[in-house]
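Residues 630 to 800 (our numbering) are what the sequence shown spells out, left to right.
Cβ coordinates follow ideal geometry from the N, Cα and C atoms, glycine included.
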Amino acid sequence: MKLLKALAASAVVVSSVVLSAGIASAQTAGTNSNYIGVGIAAGATSGGQGNDDAQFGGNVQGRVTMPRTPVSLRGSVLFGGDATAIMPIVTYDAPIAKNTNVYFGGGYSFVTDEGKNTPLGNQNAPVVTLGAESQVANNVIVYGDAKWGIDAYRNSDADAVSFQTGVGYRF
Numbered sequence: 630m631k632l633l634k635a636l637a638a639s640a641v642v643v644s645s646v647v648l649s650a651g652i653a654s655a656q657t658a659g660t661n662s663n664y665i666g667v668g669i670a671a672g673a674t675s676g677g678q679g680n681d682d683a684q685f686g687g688n689v690q691g692r693v694t695m696p697r698t699p700v701s702l703r704g705s706v707l708f709g710g711d712a713t714a715i716m717p718i719v720t721y722d723a724p725i726a727k728n729t730n731v732y733f734g735g736g737y738s739f740v741t742d743e744g745k746n747t748p749l750g751n752q753n754a755p756v757v758t759l760g761a762e763s764q765v766a767n768n769v770i771v772y773g774d775a776k777w778g779i780d781a782y783r784n785s786d787a788d789a790v791s792f793q794t795g796v797g798y799r800f
């Protein structure tokens, strides 16, 4: 089952990159801003055990762009509950409007105290993310995303889903 989930996630990532490769160069530029932001995080799932309910908390997220590529390195920290999930993530960024991107990618969630709740499950797990970001003022970015933690609950085959939104400072 875990192998099928991993293969499905990989297929989604690969097909997204392949289908997005044809974006016209004359298209309106999105944002290539680096930023760090803070906001809220809401877990939407539980693992089916008595001690792994969905959690509400906060997030700290950041983005560093790779020059002349549509790829970004992102970091995300989700806190709330009894532990923290720390995620390095690589994304493919696609411009959709002036100063606005959608992004899709994957990484890994490291839970600081496995077995304790975070908004994205209670154990280390692969993560897939889909989100959007927009530069709304000179140094202000707003962002929102969903994260899917594959097999992210201890003693369960359940996946975790969390939703984040926040405001960032462009640097």
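Asked, Found
"So, is G666 buried or exposed, given that buried needs 16 or more other C-beta atoms within 10 angstroms?", "buried"
"Using a Cβ-Cβ cut-off of 7 Å, state whether G676 counts as contacting chain C.", "The structure shown contains no chain C; it is built from a single protein chain."
"Please determine if the stretch 770-785 and the stretch 672-688 are in contact, where contact requires at least 3 C-beta pairs separated by less than 8 Å.", "yes"
"If you drop the 5 nearest sequence neighbours on each side, which residues of the same chain put their C-beta closer than 8 Å to that of P717?", "L702, R703, G704, G736 and Y737"
"Do three or more CB pairs link the stretch 759-767 to the stretch 721-736 at distances below 8 Å?", "yes"
"DSSP three-state call for M695: helix, strand or coil?", "coil"
"Can you give me the Cβ contacts of D682 inside the same chain, cut-off strictly under 6 Å, excluding the 5 residues immediately before and after it?", "S675"
"With distance defined between alpha-carbon atoms, name the residue in D722, I779 and V771 nearest to F739.", "I779"
"Output the residue ranges of the beta strand (DSSP E) runs that lie fully inside the stretch 688-767 and measure 3 residues or longer, sorted by chain position.", "700-709, 712-726, 729-740 and 754-766"
"Residues bridged to G773 by DSSP?", "A761 and T794"
"DSSP on I861, reduced to helix/strand/coil?", "Nothing can be reported for residue 861: it is not among the residues displayed for the chain, which extend from 630 to 800."
"So, helix, strand or coil for G672, using DSSP?", "strand"
"Output the distance between the C-alpha atoms of V689 and A775, rounded to the nearest integer angstrom.", "14 Å"
"Pull the bridge partners of R799 from the DSSP assignment, please.", "Y664"
"Alpha carbon to alpha carbon, how far is G686 from G773?", "15 Å"
"Measuring alpha carbon to alpha carbon, tell me which residue in I715, A712 and V719 is nearest V693.", "V719"
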